[in-house]
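Engineer:
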Amino acid sequence: FQALMDIIFPKLWKSIPIVLLIAFLFTSADYKVFKRFIIKPEEIINLLGEETDLSNVANAYELVNLRTPNTKTYKKVNDSYEIVLFNQNVHYKDNKDYKDIDNNLIEIQNFYTNKANNYKIEFPKNNGNTKLSYLNNILEWKLNDIELTKTEIQENKIKYLNVNNYINLEYVVLNDRIKENVELLQYIENFSFSFTLYTDLKMDFFEDKILLYDINDRLIFTINDYIMFDSNNKFSKKINYNISQINTNEY
């Protein structure tokens, strides 16, 4: 506070009673205008929503060093800043730098993978395991007794079409999770399916979730419960599942 007042009133401020000074600061007729004079333009920050159209911000450029997991900061030609807030993380940390998350899928050899994130997901082109890697931990899985042949790729989505002639299997790569959709192509009474999971992580259960921990008891992955929707968008959580260990690191 003293340093601020030395800048504003270098000779007078010490002679003004503190109570009167504070009353003056906070009862100014237009505090925003007052603030604009006593604070440098580059210190004035406007907090905007993620719907902000930065194309309308004159000659703005991003200050990459001011990134946080869920914000971007732009500097304008008038030396003011625009901070854009997002409702989810849009950056991931690579060593000491925050980089843009890009979940679009690209083809590498025999699988598809996301471009840039703090986790890596690999989807097989045909038959094989799906592999998720995070913090040097790996979770692999496959849907049992199926043939993965025809695939459809759209940005951050992959869909295996007409699997065994009765389902479409879709995965959506999001900033902090993978969403799985199993679509029935026809009505099947008492429909069921099974996965095989491969991991050396410790498995625990909470409500209907599967929790996977590393050797330091740090939570690495959470497998949420399933929800089913019908063609009229009515949903239900009346889905039963069982899990059993087959071999070491195999469930």
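Using our numbering, the letters of the sequence shown correspond one by one to residues 466 to 716.
Quick reminder that beta carbons are idealized off the backbone N, C-alpha and C, glycines included.
Note that this is a predicted model, so its numbers are computed, not measured.
Comparing C-alpha positions only, which one of 684, 671, 589, 610 sits nearest to residue 636?
Structural biologist: Per the Cα distances, 589.
Engineer: Please report the distance separating the alpha-carbon of residue 550 from that of residue 568.
Structural biologist: The alpha-carbon atoms of residue 550 and residue 568 are separated by roughly 19 Å.
Engineer: Within the present structure, is the beta-carbon of residue 574 separated from the nearest heavy atom of the ligand SAH by less than 7 Å?
Structural biologist: Among the ligands in the structure shown, none appear at all, so the ligand SAH cannot be discussed.
Engineer: CA-CA distance, residue 529 and residue 666?
Structural biologist: If you take the alpha carbons of residue 529 and residue 666, they lie about 36 Å apart.
Engineer: Is residue 487 helix, strand or coil when you go by DSSP?
Structural biologist: Only weak support exists for where residue 487 lies, its pLDDT of 36 falling under 50; the value from the coordinates is given anyway. Three-state result, residue 487: helix.
Engineer: From which residue to which residue does the beta strand (DSSP E) around residue 581 run?
Structural biologist: Taken as a continuous stretch (DSSP letters only), the beta strand (DSSP E) holding residue 581 covers 576-581.
Engineer: Tell me the residue span of the beta strand (DSSP E) that contains residue 619.
Structural biologist: 616-619 is the span of the beta strand (DSSP E), which, as asked, contains residue 619.
Engineer: According to DSSP, is residue 514 part of a helix, a strand, or is it coil?
Structural biologist: Confidence at residue 514 is low in this model, with a pLDDT of 46, below 50, so the placement of that residue is unreliable and no value is reported for it.
Engineer: Measure the beta-carbon distance from residue 603 to residue 664 and round it to whole angstroms, keeping in mind my assumption that it falls under 8 Å.
Structural biologist: At roughly 7 Å, the Cβ-Cβ gap stays under 8 Å, so residue 603 and residue 664 are in contact.
Engineer: Thinking C-beta only, is residue 674 closer than 8 Å to residue 688?
Structural biologist: Contact flag set, yes.
Engineer: In terms of alpha-carbon separation, which member of 631, 594, 678, 527 lies closest to residue 658?
Structural biologist: Checked all of 631, 594, 678, 527; the closest Cα to residue 658 is 631.
Engineer: One question on the structure: do residue 623 and residue 616 come within less than 8 Å of each other, judged by their Cβ atoms?
Structural biologist: Yes, the pair counts as a contact, with Cβ atoms nearer than the cut-off.
Engineer: I'd like the ranges of any beta strand (DSSP E) spanning at least 3 consecutive residues and lying wholly in the stretch 589-633.
Structural biologist: Runs found: 595-599, 602-608, 616-619, 622-628.
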